[in-house]
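In what follows, a single structure is set out as structure tokens and then discussed.
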Amino acid sequence: SQQGEEDPQALSIQEGENATMNCSYKTSINNLQWYRQNSGRGLVHLILIRSNEREKHSGRLRVTLDTSKKSSSLLITASRAADTASYFCATVPGERAGGTSYGKLTFGQGTILTVHP
Amino acid sequence: DSGVTQTPKHLITATGQRVTLRCSPRSGDLSVYWYQQSLDQGLQFLIQYYNGEERAKGNILERFSAQQFPDLHSELNLSSLELGDSALYFCASSVGVGATDTQYFGPGTRLTVL
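For the protein sequence lines, the chains are A and B, in the order given.
Take 16 as the starting number for the first sequence in the working numbering and just add one per residue.
Take 8 as the starting number for the second sequence in the working numbering and just add one per residue.
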């Protein structure tokens, strides 16, 4: 079963606009990560946020984490056509959830982002 | 290019058969992970190896097995294949075994069971 649920399932925007994707999860986490997948290809790691962090930036990406609500959001600013892809959140369980320090990623269902030129 | 290689890229086989998927991790990476991606189940963690030893297991079927060899490449063996095993199988690698180690994914093997 999937740990994360992502919202929306699909997002269509114009180039230059911002895109926001949300992820919710169920159990306590060690960290939450975001990945991108281009059309049936391998996943690319975008950013990792630890459970004791609230916000993180990387280039045009901004990730927030609210552990009290068990949710995260990914913001892509000034989107480009090349950002068109599926975006997945993935969690690594925390100790309270019975997790270990091993990197067992549990993925959400993903958000399909389409950026129109 | 992540540096992780997977062979073959595509595999078409029949129900009841057995196949082997191969993964070579990035140079220097000791951990290898296997994931399955299907339309109905999404992306699921199968198993992790670190330096030849199994370290974590997900919902991997008993018909599936994996191993990591001394040269650190890994193989995922799928036997008694069923139609529902059709999926993309990804291998990923990381330097260590920690929860915050970045996982680098290969391009995947697309398995079609007819």
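We put the beta carbon where it would ideally sit given N, CA and C, even for glycine.
Exposure of residue i, with buried meaning 16 or more beta-carbon neighbours within 10 Å
{"i": "Asn45 of chain A", "result": "buried"}
{"i": "Gln17 of chain A", "result": "At Gln17 of chain A the pLDDT is 44, less than 50, meaning the model places this residue with poor confidence; the figure from the coordinates comes in the next sentence. Gln17 of chain A is buried by the Cβ-count criterion."}
{"i": "Thr22 of chain B", "result": "exposed"}
{"i": "Arg95 of chain A", "result": "exposed"}
{"i": "Leu121 of chain B", "result": "exposed"}
{"i": "Ile64 of chain A", "result": "buried"}
{"i": "Leu28 of chain B", "result": "buried"}
{"i": "Asp8 of chain B", "result": "exposed"}
{"i": "Leu53 of chain B", "result": "buried"}
{"i": "Thr14 of chain B", "result": "exposed"}
For residue i, the residue or residues it bridges with in DSSP
{"i": "Leu83 of chain B", "result": "B:Leu28 and B:Ala73"}
{"i": "Tyr56 of chain B", "result": "B:Val39 and B:Glu61"}
{"i": "Ala100 of chain A", "result": "A:Leu128"}
{"i": "Thr82 of chain A", "result": "Partner(s): none; Thr82 of chain A has no beta bridge."}
{"i": "Glu70 of chain A", "result": "A:Thr79"}
{"i": "Arg65 of chain A", "result": "A:Asn46"}
{"i": "Ile67 of chain B", "result": "In the DSSP output, where bridge partners are listed per residue, Ile67 of chain B has none listed."}
{"i": "Pro108 of chain A", "result": "A:Ile44"}
{"i": "Arg56 of chain A", "result": "Answer by DSSP bridge pairing: none, since Arg56 of chain A is not bridged."}
{"i": "Gly49 of chain B", "result": "B:Ser45"}
{"i": "Gln29 of chain A", "result": "A:His131"}
Pairwise C-alpha distance: residue j and residue i
{"i": "Ser83 of chain A", "j": "His17 of chain B", "result": "43 Å"}
{"i": "Ser27 of chain A", "j": "Ile62 of chain A", "result": "22 Å"}
{"i": "Glu61 of chain B", "j": "Val11 of chain B", "result": "19 Å"}
{"i": "Gln51 of chain B", "j": "Glu20 of chain A", "result": "14 Å"}
{"i": "His80 of chain B", "j": "Gly91 of chain B", "result": "26 Å"}
{"i": "Gln110 of chain B", "j": "Thr92 of chain A", "result": "25 Å"}
{"i": "Ser72 of chain B", "j": "Asn84 of chain B", "result": "5 Å"}
{"i": "Asn144 of chain B", "j": "Val59 of chain A", "result": "Lying before the first or after the last residue shown, residue 144 of chain B is absent from chain B, which here runs from 8 to 121."}
{"i": "Lys119 of chain A", "j": "Tyr96 of chain B", "result": "16 Å"}
{"i": "Ser10 of chain A", "j": "Leu128 of chain A", "result": "Residue 10 of chain A lies beyond the stretch modelled for chain A, which goes from 16 to 132, so this question has no answer here."}
{"i": "Ile19 of chain B", "j": "Tyr50 of chain A", "result": "28 Å"}
{"i": "Val78 of chain A", "j": "Met36 of chain A", "result": "10 Å"}
{"i": "Asp78 of chain B", "j": "Thr42 of chain A", "result": "36 Å"}
Listed by chain order, chain B residues near residue i by CB distance under 9 Å
{"i": "Gln24 of chain A", "result": "Here the premise fails: no neighbours, minimum Cβ distance about 12 Å."}
{"i": "His72 of chain A", "result": "The premise fails here: His72 of chain A is roughly 17 Å from chain B at the closest Cβ pair, so nothing lies under 9 Å."}
{"i": "Gln29 of chain A", "result": "Those within 9 Å of Gln29 of chain A in chain B number zero; the least Cβ separation is about 28 Å."}
Amino acids of chain A, ordered along the chain, whose beta-carbon sits closer than 7 Å to that of residue i
{"i": "Arg62 of chain B", "result": "Tyr117"}
{"i": "Ser101 of chain B", "result": "Gly118"}
Residue i: contacting residues in chain B (beta-carbon distance under 7 Å)
{"i": "Val107 of chain A", "result": "Ala106"}
{"i": "Asn46 of chain A", "result": "Ala106 and Thr107"}
Cβ-Cβ separation, residue j to residue i (assumed contact under 8 Å), whole Å
{"i": "Thr2 of chain B", "j": "Ser87 of chain B", "result": "There is simply no residue 2 of chain B to check, as chain B begins at 8 and stops at 121 in what is shown."}
{"i": "Gln52 of chain A", "j": "Gly49 of chain B", "result": "Between Gly49 of chain B and Gln52 of chain A the Cβ distance is about 11 Å, and since that is not below 8 Å, they are no contact."}
{"i": "Val39 of chain B", "j": "Cys98 of chain B", "result": "6 Å"}
{"i": "Ala105 of chain A", "j": "Gln48 of chain A", "result": "5 Å"}
Proximal residues of chain B, C-beta to C-beta of residue i below 8 Å
{"i": "Thr121 of chain A", "result": "Phe52"}
{"i": "Leu63 of chain A", "result": "Thr107 and Thr109"}
Closer than 8 Å at the beta carbon, the chain A residues around residue i
{"i": "Lys115 of chain B", "result": "In the sequence as presented, Lys is not what sits at residue 115 of chain B; that position holds Gly. By Cβ distance, chain A contributes Gly55, Arg56 and Gly57."}
{"i": "Phe71 of chain B", "result": "Near Phe71 of chain B there are no residues of chain A at all, since even the closest Cβ is about 16 Å away, more than 8 Å."}
Beta carbon proximity, residue i to chain E, threshold 8 Å
{"i": "Gly10 of chain B", "result": "Checking the listed chains, one finds no chain E in this structure; the protein chains it contains are A and B."}
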